[in-house]
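Residue numbers (our numbering): 9 to 311. All C-beta atoms in this analysis are idealised placements derived from N, C-alpha and C, irrespective of residue type, glycine included.
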């Protein structure tokens, strides 16, 4: 008789998950490992292009990293600005997507249409559409007209409201963050589609019997939300947080990536651009690890 133990439910789910990501793992090993190692090697060398023969590497140690962090006039500034913007937009995206998912999980007429509408930003922000938007002459003309009208009128609604709140004695630091979210609402909505679907999937997996038992016990809707809904969905916060951070760091309008591309393709300094890329990758990885640690602790306490 075989002494092999049957697989547990968790083991079967883990195996299924690995099977789903196996194509990506194979593709990463075949197509990504070599370029990554080559980029890492370039970051420690001076790269000289030789026509018809490829390139020549001259060892420089950490000079490229020093040039990226201490010599380049823009990289540090862009990196700090994008990190600040990423932190604010990530929090806003998670909150907005969770609220919308809760609303879309309710029973109302036109729910399917509403879900499709909220998923449209995923389509509109993918592929060639962002490029079409940025190169659209009518879109650029209307944006220019809006800026000209705002400048001619001398009125910036968010700035005026912020000044009014500051005069009234409200702390400026908090409202700086709030108004940055307001100014970036378009980007936040455009980046929320996948997160809404993930949260919505988690909400639909909650058994209705839990809410029925809570109703019998006399729990209000607010208490049921914090005692049932949020703890059951909270593990998905980690998934959405990691996705949001990675998505933000890879955006087309990211000035750090634009600076890396400029150094590489305009200045032809492949060594410094490789060092910038690895610094940027390290910052992104650091934020993912810190966020994972904080959210994991928060999820455990919520459960």
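Check, Outcome
"DSSP beta-bridge partners of residue 230", "None; residue 230 has no bridge partner."
"Other residues of its chain near residue 102: CB distance less than 7 Å, five sequence neighbours each side excluded", "203, 245, 248, 249, 252"
"In DSSP terms, what residue 64 is bridged to", "56"
"Test item: CB-CB of residue 107 and residue 237 under 9 Å", "no"
"DSSP three-state assignment for residue 236, whether helix, strand or coil", "helix"
"Residue nearest to residue 218 in terms of C-alpha spacing, selected from 257, 240, 35", "240"
"7 Å CB neighbourhood of residue 76 in its chain, flanking five on each side removed", "83, 280, 283, 284, 287"
"Residue 38 versus residue 32 - alpha carbon distance", "10 Å"
"Cβ shell of residue 222 (< 8 Å), same chain only, five flanking positions each side left out", "231, 232, 235, 236"
"Integer-rounded CB distance, given that residue 127 should sit under 8 Å from residue 205", "7 Å"
"Neighbour-count burial assignment, residue 273, 16 or more Cβ in a 10 Å radius", "exposed"
"Coarse secondary structure for residue 42, derived from DSSP in three states", "helix"
"Candidates 17, 34, 201, 209, of which the one nearest residue 243 by Cα", "209"
"Check whether residue 196 and residue 100 have beta carbons under 9 Å apart", "yes"
"Inter-residue Cα distance where the pair is residue 213 and residue 21", "16 Å"
"Residue 214 in three-state terms, based on DSSP", "coil"
"Anticipated Cβ contact below 8 Å, residue 207 with residue 105, distance rounded", "6 Å"
"Per-residue DSSP class, three states only, for residue 31", "helix"
"Start-to-end residues for the alpha helix (DSSP H) that takes in residue 114", "Run containing residue 114: none; DSSP gives neither H nor E here."
"Option in 300, 299, 289, 297 with minimal Cα separation from residue 44", "289"
"9 Å Cβ cutoff met for residue 263 and residue 86", "yes"
"Proximity of residue 50 and residue 276 at Cβ, strictly below 9 Å", "no"
"Per-residue burial, residue 303 [other beta carbons within 10 Å of its own, 16 or more giving buried]", "buried"
"Sequence-distant residues of the same chain with beta carbon closer than 6 Å to residue 124, five excluded per side", "none"
"Three-way DSSP call (helix, strand, coil) for residue 292 in this model", "helix"
"Residue 247 - containing alpha helix (DSSP H), residue span", "243-257"
"Per-residue DSSP class, three states only, for residue 199", "coil"
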